[in-house]
Amino acid sequence: MLVVPALLGLAFLLVPLAGLLIRAPWATVPDRLFSAEVGEALRLSLVCASLATVVCLVLGIPLAWLLARGDLPGRGFLRALVTVPLVLPPVVGGVALLLVLGRRGLIGQYLDAWFGVSLPFTTAGVVVAEAFVAMPFLVISVEGALRAADPRYEEAAATLGASRWLTFRRVTLPSVMPGVVAGAVLCWARALGEFGATITFAGNFPGETTTMPLAVYLALETEPDAAIVLSIVLLLVSVGVLAGLRDRWIGGPT
Amino acid sequence: MFRTALALAAALSLVGCGSTQQASGVTGDVTVFAAASLTGTFTELGRRFEAAHPGVRVRLNFAGSSALAQQINQGAPVDVFASAAPANLEQVADAGGITATPAVFARNRLRIAVPKGNPGKVAGLVDFGRADAKIALCAEQVPCGAAARKVFEAAGVALRADTLEQDVKAVLTKVRLGEVDAALVYRTDVAAAGDEVEGIAFPEADQAVNDYPIAPLAKAPNAAGAQAFVDFVRSDEGRAVLAEAGFDSP
Numbered sequence: 006m007l008v009v010p011a012l013l014g015l016a017f018l019l020v021p022l023a024g025l026l027i028r029a030p031w032a033t034v035p036d037r038l039f040s041a042e043v044g045e046a047l048r049l050s051l052v053c054a055s056l057a058t059v060v061c062l063v064l065g066i067p068l069a070w071l072l073a074r075g076d077l078p079g080r081g082f083l084r085a086l087v088t089v090p091l092v093l094p095p096v097v098g099g100v101a102l103l104l105v106l107g108r109r110g111l112i113g114q115y116l117d118a119w120f121g122v123s124l125p126f127t128t129a130g131v132v133v134a135e136a137f138v139a140m141p142f143l144v145i146s147v148e149g150a151l152r153a154a155d156p157r158y159e160e161a162a163a164t165l166g167a168s169r170w171l172t173f174r175r176v177t178l179p180s181v182m183p184g185v186v187a188g189a190v191l192c193w194a195r196a197l198g199e200f201g202a203t204i205t206f207a208g209n210f211p212g213e214t215t216t217m218p219l220a221v222y223l224a225l226e227t228e229p230d231a232a233i234v235l236s237i238v239l240l241l242v243s244v245g246v247l248a249g250l251r252d253r254w255i256g257g258p259t
Numbered sequence: 393m394f395r396t397a398l399a400l401a402a403a404l405s406l407v408g409c410g411s412t413q414q415a416s417g418v419t420g421d422v423t424v425f426a427a428a429s430l431t432g433t434f435t436e437l438g439r440r441f442e443a444a445h446p447g448v449r450v451r452l453n454f455a456g457s458s459a460l461a462q463q464i465n466q467g468a469p470v471d472v473f474a475s476a477a478p479a480n481l482e483q484v485a486d487a488g489g490i491t492a493t494p495a496v497f498a499r500n501r502l503r504i505a506v507p508k509g510n511p512g513k514v515a516g517l518v519d520f521g522r523a524d525a526k527i528a529l530c531a532e533q534v535p536c537g538a539a540a541r542k543v544f545e546a547a548g549v550a551l552r553a554d555t556l557e558q559d560v561k562a563v564l565t566k567v568r569l570g571e572v573d574a575a576l577v578y579r580t581d582v583a584a585a586g587d588e589v590e591g592i593a594f595p596e597a598d599q600a601v602n603d604y605p606i607a608p609l610a611k612a613p614n615a616a617g618a619q620a621f622v623d624f625v626r627s628d629e630g631r632a633v634l635a636e637a638g639f640d641s642p
């Protein structure tokens, strides 16, 4: 009874990916793959996604700690707010970023006036847009790990005279490391695939803000074959990420 | 399923239709894909077409002409295609999507758009080369981007931009928000933007006048509706709406 919809579901998820591989212009794949534009977009994507992940780690782990351990009122509400970018359409996120960090934005106007910094249309803008949409993945993952971890180890460390920072660094963080790694990988993958917020907030210029997803979208209008090749590259990267997480998720409960 | 529902709706409207619809011979939905720069005028034209043909619904889709051409070539069920340049319509014709002879129904030219107050002190195309000026242009595959390239060549200014947007409305939005100091958009877009945007005419714009062609599609689900809409756009009333928005008559 369940087998038919299950197989349909499987086909629904896999057939489009197979279509990508079937329709790929294999003869020209090597040429296109090593063309300057693809290389540039891929390099930019990898650099920006990695930088965004670093930003997410630096800001997201403390935030996750606050949500899991902090003794603050309205924690549930705060947690819900943190996950908003997760469900928000990325384009809306881009518009919001533009209104806050744009040249005339709430904060952006002071960045521009005081420091001469303008984030839209820069590579830094891409990192900001990607970090905005990707951070909830890291926060949720790390927070879940923190809540599952036994707080008594931290208490023991504290009774032995360790400072809060030392406890966090030597006891808490190592105990939730698998959660941090999984969160970082997810965060990185989400940043790599980010399109809507990037094109809205950071614009599109080759070598500066044209990441792989933007390049795919652009290429589709002029050179569909190039778009397919770019898509396959992204597909391979995604599969690579999943393979990296194999033990954690695909293996299922052991 | 959707198609059956559509056919059913069309059949029902045929059964229940009044004399006005039979007089015009147009029923059902007319799906129109139009260049982003036609957003204002075609919305108005669609409204008037619906008023002239009770019971008919005009469904409009606006985007960069190249994106629209691509969607049509991938099999989107469309009745009419109005492009901002002949090249994008030819892409569809080459793929067999259009067999009718396209008609040029309007002309448009570029204008420099700057945010209100002109904070970047932009006076002409030469200022686009300034390193401190933030510039938005259309990507080259959309007609406004191709036209931008032509005017830069004519002016002898190296093409430089901070962002290449997907259609002319996206470029205009960046000007409206004050995110860029200057951009090249169509004259009609500057007019449509009202007070938020100031336009600056420049002589090289004459070197890149865009012809806007329109044609019914060969596989139009509503062939009668497609032809009626094309005729309406080219009618005196249609021309008046376009002229009011700032388009030149072909």
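As they're listed, the protein sequences go chains A and B.
Quick note: to get our numbering, add 5 to the position in the first sequence (first position is 1).
Quick note: to get our numbering, add 392 to the position in the second sequence (first position is 1).
Backbone N, C-alpha and C define an ideal beta-carbon position, used for all residues, glycine too.
Predicted, not measured: the structure shown is a model, and the values here were computed from it.
Test: residue i CB closer than 8 Å to a CB of chain B
{"i": "Phe137 of chain A", "result": "no"}
{"i": "Glu226 of chain A", "result": "yes"}
{"i": "Leu103 of chain A", "result": "yes"}
{"i": "Gly107 of chain A", "result": "yes"}
{"i": "Phe120 of chain A", "result": "no"}
{"i": "Gly65 of chain A", "result": "no"}
{"i": "Leu223 of chain A", "result": "yes"}
{"i": "Gly212 of chain A", "result": "no"}
{"i": "Gly126 of chain A", "result": "Note that residue 126 of chain A corresponds to Phe in the displayed sequence, not to Gly. Closer than 8 Å: yes."}
{"i": "Gly99 of chain A", "result": "no"}
is_contact[residue i, chain A] using C-beta, thresh 8 Å
{"i": "Glu557 of chain B", "result": "yes"}
{"i": "Gly570 of chain B", "result": "yes"}
{"i": "Ser475 of chain B", "result": "no"}
{"i": "Ala531 of chain B", "result": "yes"}
{"i": "Ala553 of chain B", "result": "yes"}
{"i": "Ser350 of chain B", "result": "Because residue 350 of chain B is not part of the residues shown, which for chain B are 393 to 642, the question remains open."}
{"i": "Lys526 of chain B", "result": "yes"}
{"i": "Ala459 of chain B", "result": "yes"}
{"i": "Gln462 of chain B", "result": "yes"}
Whole-angstrom C-beta distance between residue j and residue i, which should lie under 8 Å
{"i": "Cys536 of chain B", "j": "Ala583 of chain B", "result": "About 15 Å separates the two Cβ atoms, so there is no contact after all."}
{"i": "Ala618 of chain B", "j": "Val422 of chain B", "result": "7 Å"}
{"i": "Ala139 of chain A", "j": "Arg195 of chain A", "result": "4 Å"}
{"i": "Leu502 of chain B", "j": "Leu576 of chain B", "result": "5 Å"}
{"i": "Pro469 of chain B", "j": "Pro608 of chain B", "result": "With a Cβ gap of about 13 Å, Pro469 of chain B and Pro608 of chain B do not count as contacting."}
{"i": "Ala498 of chain B", "j": "Pro642 of chain B", "result": "7 Å"}
{"i": "Ala57 of chain A", "j": "Glu135 of chain A", "result": "4 Å"}
{"i": "Val424 of chain B", "j": "Leu452 of chain B", "result": "5 Å"}
The beta strand (DSSP E) enclosing residue i, as first and last residue numbers
{"i": "Thr423 of chain B", "result": "421-427"}
{"i": "Leu502 of chain B", "result": "502-507"}
{"i": "Ala492 of chain B", "result": "Note, Ala492 of chain B: premise wrong, no beta strand (DSSP E); not H, not E."}
{"i": "Ile606 of chain B", "result": "602-608"}
{"i": "Leu529 of chain B", "result": "527-530"}
Range of the contiguous alpha helix (DSSP H) that encloses residue i
{"i": "Asp486 of chain B", "result": "478-486"}
{"i": "Val105 of chain A", "result": "95-106"}
{"i": "Asn465 of chain B", "result": "457-465"}
{"i": "Ala474 of chain B", "result": "Per DSSP, Ala474 of chain B belongs to no alpha helix (DSSP H); it is in the beta strand (DSSP E), 472-474."}
{"i": "Gly149 of chain A", "result": "128-153"}
{"i": "Ser236 of chain A", "result": "229-249"}
{"i": "Gln619 of chain B", "result": "615-626"}
{"i": "Ala161 of chain A", "result": "156-164"}
Close Cβ partners of residue i (< 7 Å) along its chain, the five nearest in sequence each way excluded
{"i": "Leu219 of chain A", "result": "Phe200, Thr203, Ile204, Asn209"}
{"i": "Thr431 of chain B", "result": "Phe454, Lys561"}
{"i": "Leu241 of chain A", "result": "none"}
{"i": "Leu28 of chain A", "result": "The amino acid at residue 28 of chain A is misidentified as Leu; the sequence shows Arg. Closer than 7 Å at Cβ, skipping near neighbours: Ile233."}
{"i": "Ala531 of chain B", "result": "Gly537, Leu556, Glu557, Gln558"}
Chain-order list of residues whose beta-carbon lies under 6 Å from that of residue i (same chain, five-residue window excluded)
{"i": "Glu588 of chain B", "result": "Lys508, Arg568"}
{"i": "Leu247 of chain A", "result": "none"}
{"i": "Arg383 of chain B", "result": "What the structure shows of chain B is the stretch from 393 to 642, and residue 383 of chain B is not part of that stretch, so it cannot be assessed."}
Neighbourhood of residue i by C-beta distance below 8 Å, restricted to the same chain and skipping five residues each side
{"i": "Asp554 of chain B", "result": "Lys526, Ile527, Ala528, Val572"}
{"i": "Val514 of chain B", "result": "Ile504, Val506, Phe520, Ala525, Asp573, Ala574, Ile592"}
Report task. Any chance you could list the beta strand (DSSP E) runs of at least 3 consecutive residues sitting entirely within the segment 548-595 of chain B, in chain order? Result -> 555-557, 574-578, 589-592
Query raised in the report: At which residue ranges does the segment 13-40 of chain A contain complete alpha helix (DSSP H) runs of 4 or more residues, listed in the order of the chain?
Result: Along the segment 13-40 of chain A, the alpha helix (DSSP H) occurs as fully enclosed runs of 4 or more residues at 34-38, listed in sequence order.
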